[in-house]
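J.: Structure incoming, see below.
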Amino acid sequence: MASRKEEKERLRREREERERAASDAQRRKRLIGYGTGGVLALAAVVVLVVLLVGGGGDGGEKAGGDLLPAGGRVAELKETDVGKAAETAGCELETEKAKTRDHTADPNEVIKYDTNPPMSGRHFETPAQESAYTEAPPDPETVHALEHGRINVWFKPTAPRQVRADLKALYDRDQGFQELLIPRPNMPYQVAATAWTVDPQPQGTGHLLGCRTANAQSLEALQAFIEEYRGNGPEPVP
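So the sequence shown is numbered by this note's numbering: it starts at 39 and just counts up by one.
Spelled out as structure tokens, the structure:
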């Protein structure tokens, strides 16, 4: 008989196949709206690559594919209470009742959120998948992932190298189970995490852990947040 973990993994693979097909269809629609703008974007990318290879910017660490470097470590979780862990780390903990769980079929719709990063709200039909991203998916896709019980872990690309390595080590330790690791340059925190839980029904509650300074204590608070809220979304998907 398959173990509970194996059964979850099987269901997860089946769900990912279905959502990948839906995602491909939605992205094709989005590309139609881009038109010739895609050519301009490609030209901009070429210019950016030339500048980075030529030594521009702050040393080119991220240009070398080192946004999520190896060599990270994950400390043993000692404080499992999210509130206490956040207080010890000097992080901010915010909760807000969700206003809506509506989906939109329009991939070009502009959706604004009350928090940065977002923790609930209207979103696209296709969710972002569990992954360690070097480029962030659209916010409405990450919000749909939250509705499914995922934890979105966010980091500034300018966060200390060791912090980014530790975040990747944490993601790898959990084998990316119900986690998304996403860069976010424009948020006010060095590291953050968001979740969307089921109660009170029907809309649920959004949760945000934001750490303006990343250190060992903030990473422990992040672990506690993940353990507390993972898999408890309003629309849970294995």
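Heads up, the beta-carbon is just placed ideally off N, CA and C, and yes, glycines get one too. Everything numeric in this text was worked out from a predicted model, so none of it was measured.
Would you give the residue range spanned by the alpha helix (DSSP H) that H182 belongs to?
T.: H182 -> alpha helix (DSSP H) spans 177-185.
J.: Here's a check: name, in chain order, each residue in its chain whose Cβ is nearer than 6 Å to the Cβ of P178, leaving out the five neighbours to either side.
T.: Within the same chain, P178 has close Cβ partners I149, H161, F162.
J.: Counting C-beta neighbours from all protein chains within 10 Å, is the total for G233 16 or more, i.e. buried, or is it exposed?
T.: One point to set straight first is that residue 233 is Ala, not Gly, in the sequence displayed. It counts as buried.
J.: Quick check: what's the CA-CA separation for V83 versus E185?
T.: Since pLDDT at V83 reaches only 38, below the 50 mark, its modelled position is unreliable, and no value is offered.
J.: Please classify I149: does DSSP put it in a helix, a strand, or coil?
T.: I149 falls in the coil class under three-state DSSP.
J.: Looking at C-beta atoms only, is the number of pairs between the segment 244-253 and the segment 209-224 that lie closer than 8 Å three or more?
T.: Touching, no, given that fewer than three Cβ pairs across the two stretches are closer than 8 Å.
J.: Can you give me the Cβ contacts of R211 inside the same chain, cut-off strictly under 8 Å, excluding the 5 residues immediately before and after it?
T.: Closer than 8 Å at Cβ, skipping near neighbours: V112.
J.: For the alpha helix (DSSP H) that contains A230, what are its first and last residues?
T.: Segment 229-235 is the beta strand (DSSP E) holding A230; no alpha helix (DSSP H) there.
J.: Is the distance from the Cβ of G248 to the Cβ of A259 below 8 Å?
T.: No. Outside cutoff.
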